[in-house]
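**Q** Chains as they are written, first to last, in the working numbering: chain H, 1 to 368; chain W, 369 to 736; chain C, 737 to 1104; chain U, 1105 to 1472. Next up is a structure, given as structure tokens.
Right, dumping it as structure tokens:
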């Protein structure tokens, strides 16, 4: 659909709501009937959005309470669209009124004002705020539960914050156990602590950091994806770019593959338990736009938060004069930890959509 | 549309055809009436697909002759769908029959066979062959001509082949002038030569190389893109992944931005000729999924050609035994040069689509 | 999108909610920024849904209060999706539990149970209830306001209830003034009274009536519609079928045209005020799937309400025995009056979508 | 997709080509792999388009030879898009040049000229010609073959030509056996002859006739359709309007149902061979937008051919003067016979699409 607030062709997610409006919400259409779902499922995922460590997050700490207003009956999905909402409670709109005409560098403020003729709700970034990932995460909760029914597991975690990087290889068990232990969502807990320090440093300097998030999907069946254009990697990349601050996406060896020779980069086929498999996964689980059966592996570049206290140059759009801005509101010095569950959701939504499209998820989950 | 062979919502491209079938073709729907178009426009772009230097390309040298079979009348687009085709002439299908059951590592052979139940046309990779970029390039020709009418210029070129990289900064003039001079499509002609040598080396070793392609779009108006999901960067990324062998995409500073602080990465606003602009372009011309007015800048990772003469391990799917394969057909030791016009096309198609969607291209180009 | 709860490509309407769930709601995406909108706009249209004459409506009289939860800012649309909801208050679910296994003849109960594997919310017809037209009417309110800005006026009214028909020709003024005067929504007030009597008669017999609704759209520009498949008449027909109980749609002379000769049915061109026009409108304002400039004229067949007190034969799906059913809940003996604003909404939504698609409505309504 | 030349979401049909262009063609995307298909399948259906009786058809008798240019391999569909074309051979463009500025009453000439800014190919109606149903019929051939694999049979036939109507009830066997016997496609062969005479009469008077086509679909499973908006009847209606000259569509009792009471119109449920069924089919096989298991029954109003030899009033668009026109080209005095296979195709395409969407047709037809 043209207006761009929907994604997915069979499992379709339509989001609505602004940072300082009444709610942030989402309609999920195309979830098969028969999936057990409960408000607590959404609560659990939403709680993961806000790291418990106050040093690395913004002053705005929202306990988000999900409301399910349609599409569930007697504890199961019905096949009807599922509408979900979260109220926006902690909104100090006064923080933003003063900067209405001062577009923040690195933010959507300027092009949004041009595009929407000045009618857009600019408060807190409005529709462009990281807050709208709440909608993504609620939709992702359904997607993950649906995928889980078919044994597919989607796990995102932090690989790098600024220049602090982990080079450990994690088992799925370690990822599951540790990633939400650390406020920075890095399963390498020692490294996670150094990441936290780096964020605190940047914040004290009135500055911010970015980082790298990795997301894997385990147990994907072979042949998911609809090339040429709705390739699995293409649609995953597209979905991941809907998470604010994403500036790059790569699969498997990714940019590193450009320096390898074919003989080094190809994942040779072998047999594992009688099934075709590969030892390496330089392809990141995608060949020709189709899942290969190996784990999907995506790496995502997150830019440093554009909102910083440090003075930056901008233009006053009312007077068309160059001036400076110091962004005062409550902002995260690093959005990477909040991006982790959002990227997980974006990946899960895309995989659920493609699993249905490829026929691996049936139209009705089970007969009553 | 679900089957995945269409892209774009207003400027819609549907491709068809296989590597060893009768034709490769494309239907472009949604091009406004009134655009002058000629067979020679397509010929020129198609000719750019095949580097003139035989040392770095496959033995299959196809002079592709475009046929326009609908949608043009008296030299102009009519508003009706434009169908274009190129015949496949040089097809030696016998090369492939013997490897029907031996999936080539790094290729779509294995997941495609599973997905399509063995019915897919596997000859030369069938639908997954780089040959289908011919369709993309024909559609891209229309997109580029349409964009050109509104002053937008899309330029792709090679930045790296294997470990040989250029670090020169190019002016648009240099890019336009030099990129098709070199067989490797790198506007840094000295570097281009070293790239060529690297390819020849790899080929002689029965191996292959990948590389990095950069694509810029100049003079984009502010506010193109339809967030949250049909963001300009999201749709560009998706489109670029339709070019075979792409494994990563980044905008502006991209993955490098993850190591910068916000104060370093933000592009400060300033005034240029009375208009809001930025000095730097770490954002790659996209803020919040909208064009910012700065040049769009995308970098694309291309993996080394998976088809190599070197022996690799694979599984014989008929006997389910591990065996080896040495890919004999006529293959490019490096697909980067052929990827350049394909990426340019993918970017142009997406920009044309979004320019129409954002209202910058009218529904009729001019009154007769 | 595949799950079928969205309609429109530029002006996109996604509905959610069930008859006896928490809410009925809608997300409208693609409304240009700059349209003044207020809760009272929706209230006015919703109030038109329920005829004030209690003799001809069901016992369930819901005063529906619209809630706008996103997409408006300072009294204008912003370009972001507009989410709207109405709470379901008067729901007596106990009425339905007993007939869970007894599909009502003429209703969706039976195929819905099969399709959704028994998981669908069957209370009050759930998603198939006439109640969901509330969502359509709210979306239609926006569409009508948007069309009004461009002088297009959409007017629906009753032509026949059962065998009681009006054969008066109405001026637009009469339609506007009279149609909501009569509980049956017929602008011929004398005939409207006879229609009312017919409904009362049918109700007393434990039976129900259908009827015919006509809808016109005035001042449409020439050339709206996207043939071959997204023809204006095709998309109007599709939208109108989303109103429950619709069984037929015709344009202009419609089925009557099949008995005319070409020379009688063709609308000859002439000049009116220097512009091309026609005297007659047998085409119903659509030629070749494009608006011709003449008034759009659609006639819609509404079947008699399937829920009747009279005993009917059905099958008990738990025991698979033939049995009888007398539908007891609160049902309208004739849904035609409630269908009038729903059809008006369906037509307005489609015209708004196509007016944007054809470029007659700009992407931003006016600069601040 | 926005430009409107595609229909269907899983089984997607994109048409191209004009009446007097090089070809008329179609791309079918989303047909599952494994369906046996042959050029002769298309030939057979195309041959049904032209009645053998020269008295009732236009002078333009085209033997259309289908070309399959992609998507088949070793006699089966592959899962890749299937592109099909027919060359336009008998095109006398000179017939049309003189009337370039004289829009024919009842034709798309005038709104098309306005919409496409005069760039549209007006020769023979261009994109609006009945000739483009050739594309529909080729796509319908695939749809019918696919449906046949699942036992669904789609049959269209003529019910009325002008005022000559049959009121016989036909068995499916009679329809199959007789409909293509008669040039007018009416299975009541006695009536068919009278229809032929009526056409000859009208032609001799320089005039034309319309009529009514009925289309049934047998053996549809229960629960096909995606309400609220992608209801089966809604999508069937939309598809049928893509056949030129259609002005109305009704299901089952249709407009006649508006005069019945609920107790008369409801189809009571009963048991047939242990399965839920109905005796009557006033619903036309659709309840709440879902297939009910009863035969789908659609009736379609076709207007009299607008092109007539009789003089009609029009406006010369170059001089903006009222004038007259007598349409001279080769035109059918009644398009109903040619509409029959086109409506059958439109219905089959929609049913195939929805059968896939509802999960009744699998993603791969059978393992090799």
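C-beta atoms are modelled at their ideal positions from N, C-alpha and C, and glycine is treated no differently.
Between the alpha carbons of residue 415 of chain W and residue 409 of chain W, how many angstroms are there, rounded?
**A** The residue you call residue 415 of chain W lines up with position 47 of the second chain. The residue you call residue 409 of chain W lines up with position 41 of the second chain. Each residue's alpha carbon lies about 10 Å from the other.
**Q** Can you pull the chain H neighbours of residue 1106 of chain U, defined as C-beta to C-beta under 8 Å?
**A** Translated into positions along the fourth chain, residue 1106 of chain U becomes position 2. What residue 1106 of chain U touches in chain H: 2.
**Q** So what's residue 637 of chain W in DSSP terms, helix, strand or just coil?
**A** In the second chain, the residue the question calls residue 637 of chain W occupies position 269. Three-state result, residue 637 of chain W: strand.
**Q** Can you tell me whether residue 1276 of chain U is buried or exposed? The criterion is at least 16 other CB atoms within 10 Å of its CB, across all chains shown.
**A** For the purposes of this step, residue 1276 of chain U is identified with residue 172 of the fourth chain, where counting begins at 1. Classification for residue 1276 of chain U: exposed.
**Q** Counting only Cβ pairs nearer than 7 Å, list the residues of chain C close to residue 1111 of chain U.
**A** Locating residue 1111 of chain U in the fourth chain gives position 7, counting from the first residue. Those are 965, listed as they occur along chain C.
**Q** Alpha carbon to alpha carbon, what distance is there between residue 325 of chain H and residue 226 of chain H?
**A** Taking the first chain and counting its residues from 1, one reaches residue 226 of chain H at position 226. Taking the first chain and counting its residues from 1, one reaches residue 325 of chain H at position 325. Distance between the alpha carbons of residue 226 of chain H and residue 325 of chain H: 46 Å.
**Q** Starting from residue 495 of chain W, find everything on chain U with Cβ-Cβ shorter than 7 Å and list it in chain order.
**A** The sequence position of residue 495 of chain W within the second chain is 127, counting from 1. Neighbours of residue 495 of chain W on chain U, chain order: 1184.
**Q** Three or more C-beta pairs closer than 8 Å, one from the segment 13-25 of chain H and one from the segment 122-132 of chain H: is that the case here?
**A** Taking a contact to require three or more Cβ pairs closer than 8 Å, the segment 13-25 of chain H and the segment 122-132 of chain H qualify as touching.
**Q** Evaluate residue 148 of chain H with the Cβ neighbour count: other Cβ atoms within 10 Å of its Cβ, from every protein chain shown; 16 or more gives buried, anything less gives exposed.
**A** Translated into the one-based positions of the first chain, residue 148 of chain H becomes position 148. Classification of residue 148 of chain H: exposed, given that the 10 Å Cβ count is below 16.
**Q** Under 8 Å, Cβ to Cβ, is there at least one residue of chain U near residue 1002 of chain C?
**A** Within the third chain, residue 1002 of chain C is the residue found at index 266, counting from 1. Residue 1002 of chain C counts as touching chain U.
**Q** Does the CB of residue 1048 of chain C have a neighbour CB from chain U at under 8 Å?
**A** One-based indexing of the third chain puts residue 1048 of chain C at position 312. Yes - at least one Cβ of chain U is within 8 Å of the one on residue 1048 of chain C.
**Q** Could one say the Cβ of residue 534 of chain W lies closer than 8 Å to chain H's Cβ atoms, at least one of them?
**A** As a working mapping, residue 534 of chain W is identified with position 166 in the second chain. Put simply, the CB of residue 534 of chain W is far from chain H, with every gap to its CB atoms at 8 Å or more.
**Q** Are the C-beta of residue 362 of chain H and some C-beta of chain U separated by less than 8 Å?
**A** Residue numbering aside, residue 362 of chain H sits at position 362 when the first chain is read from its first letter. Yes, contact with chain U.
**Q** Taking its Cβ as the centre, do 16 or more other Cβ atoms sit within 10 Å of residue 1424 of chain U, making it buried, or is it exposed?
**A** If you number the fourth chain from 1, residue 1424 of chain U lands on position 320. Exposed: under 16 other Cβ atoms inside 10 Å.
**Q** Jot down the residue ranges of each uninterrupted beta strand (DSSP E) in the segment 1221-1278 of chain U, minimum 3 residues, whole runs only, in chain order.
**A** 1257-1265
**Q** According to DSSP, is residue 1027 of chain C helix, strand or coil?
**A** As a position in the third chain, residue 1027 of chain C is number 291, starting the count at 1. In the structure shown, residue 1027 of chain C sits in a strand (DSSP, three-state: E or B).
**Q** Could you spell out where the alpha helix (DSSP H) holding residue 724 of chain W opens and where it closes?
**A** Translated into positions along the second chain, residue 724 of chain W becomes position 356. 704-725 is the extent of the alpha helix (DSSP H) around residue 724 of chain W.
**Q** Leaving out the 5 sequence neighbours to the left and right, which residues in its chain are closer than 8 Å to residue 475 of chain W when beta-carbon positions are compared?
**A** Position 107 of the second chain, counted from the start, is the residue given in the question as residue 475 of chain W. 493, 496, 674, 675.
**Q** Is there at least one Cβ from chain C nearer than 8 Å to residue 1324 of chain U's Cβ?
**A** Position 220 of the fourth chain, counted from the start, is the residue given in the question as residue 1324 of chain U. So no, residue 1324 of chain U is outside the interface.
**Q** Select from H:7, H:30, H:4, H:50 the residue whose C-alpha is nearest the C-alpha of residue 340 of chain H.
**A** Residue mapping note: residue 340 of chain H aligns to position 340 of the first chain, counting from 1. Checked all of H:7, H:30, H:4, H:50; the closest Cα to residue 340 of chain H is H:50.
**Q** Helix or strand or just coil, what does DSSP make of residue 1014 of chain C?
**A** By 1-based counting over the third chain, the position of residue 1014 of chain C is 278. Three-state DSSP puts residue 1014 of chain C in a strand.
**Q** Hey, would you say residue 137 of chain H sits closer than 8 Å to residue 334 of chain H, going by beta carbons?
**A** Residue mapping note: residue 137 of chain H aligns to position 137 of the first chain, counting from 1. Residue mapping note: residue 334 of chain H aligns to position 334 of the first chain, counting from 1. Against a cut-off of 8 Å, the Cβ pair of residue 334 of chain H and residue 137 of chain H comes out as no contact.
**Q** What do you get for residue 967 of chain C, buried or exposed, if any count of 16 or more other CB atoms within 10 angstroms of its CB means buried?
**A** Translated into positions along the third chain, residue 967 of chain C becomes position 231. That one is buried.
**Q** When you compare the CB of residue 70 of chain H with every CB in chain B, is at least one pair closer than 8 Å?
**A** The question asks about chain B, but that chain is absent: this structure's protein chains are H, W, C and U.
**Q** Please look up how many angstroms separate the CB atoms of residue 526 of chain W and residue 581 of chain W, rounded, as I've assumed it's under 8 Å.
**A** Taking the first residue of the second chain as position 1, residue 526 of chain W is located at position 158. Taking the first residue of the second chain as position 1, residue 581 of chain W is located at position 213. About 6 Å; that satisfies the 8 Å criterion.
**Q** My output table needs one value for residue 781 of chain C: the three-state DSSP class, helix, strand or coil.
**A** Counting from one through the third chain, the residue named residue 781 of chain C turns up at place 45. Looking at residue 781 of chain C - three-state DSSP - the assignment turns out to be helix.
**Q** Can a CB atom of chain U be found closer than 8 Å to the CB of residue 359 of chain H?
**A** What you label residue 359 of chain H is simply residue 359 of the first chain in a count that begins at 1. It does: the Cβ of residue 359 of chain H has a partner Cβ on chain U nearer than 8 Å.
**Q** With a threshold of 6 Å on Cβ separation, who are the neighbours of residue 652 of chain W within its own chain once the five nearest residues in sequence on each side are excluded?
**A** Reading the second chain from its first residue, position 284 is the one you call residue 652 of chain W. If we look at residue 652 of chain W and ignore the five residues flanking it on each side, its Cβ neighbours are 619, 620, 665.
**Q** Please go through the same chain and pick out, in chain order, the residues whose beta-carbon is closer than 6 Å to the beta-carbon of residue 1051 of chain C, but skip the five residues on each side of it.
**A** Counting from one through the third chain, the residue named residue 1051 of chain C turns up at place 315. Closer than 6 Å at the Cβ level, and outside the excluded window around residue 1051 of chain C, lie 1058.
**Q** Nearest by alpha-carbon distance to residue 730 of chain C: which of H:25, H:110, H:99, H:52 is it?
**A** Coverage of chain C is limited to positions 737 through 1104, which leaves residue 730 of chain C absent and any answer about it impossible.
**Q** What residues in its chain sit with their C-beta under 7 Å from that of residue 198 of chain H, if we drop five residues either side in the sequence?
**A** Taking the first residue of the first chain as position 1, residue 198 of chain H is located at position 198. Correct list, in chain order: 161, 162, 164, 209.
**Q** In three-state terms, what does DSSP make of residue 368 of chain H?
**A** Taking the first chain and counting its residues from 1, one reaches residue 368 of chain H at position 368. Only weak support exists for where residue 368 of chain H lies, its pLDDT of 49 falling under 50; the value from the coordinates is given anyway. Correct three-state label for residue 368 of chain H: coil.
**Q** Under a CB-based cut-off of 8 Å, is residue 1278 of chain U close to chain W?
**A** If you number the fourth chain from 1, residue 1278 of chain U lands on position 174. By this cut-off, residue 1278 of chain U is not an interface position.
**Q** Which term fits residue 686 of chain W, buried or exposed, when burial requires 16 or more other beta carbons within 10 angstroms of its beta carbon?
**A** Counted from its first residue, the second chain places residue 686 of chain W at position 318. Exposed.
**Q** Keeping to the same chain, check which residues put their C-beta closer than 8 Å to that of residue 1359 of chain U; ignore five residues upstream and five downstream.
**A** To locate residue 1359 of chain U, count along the fourth chain from 1; it is residue 255. Contacts found: none.
**Q** Cα-Cα, which of H:154, H:329, H:185 is closest to residue 166 of chain H?
**A** Here residue 166 of chain H is taken as the residue at index 166 of the first chain, counted from 1. The shortest Cα separation from residue 166 of chain H among H:154, H:329, H:185 belongs to H:185.
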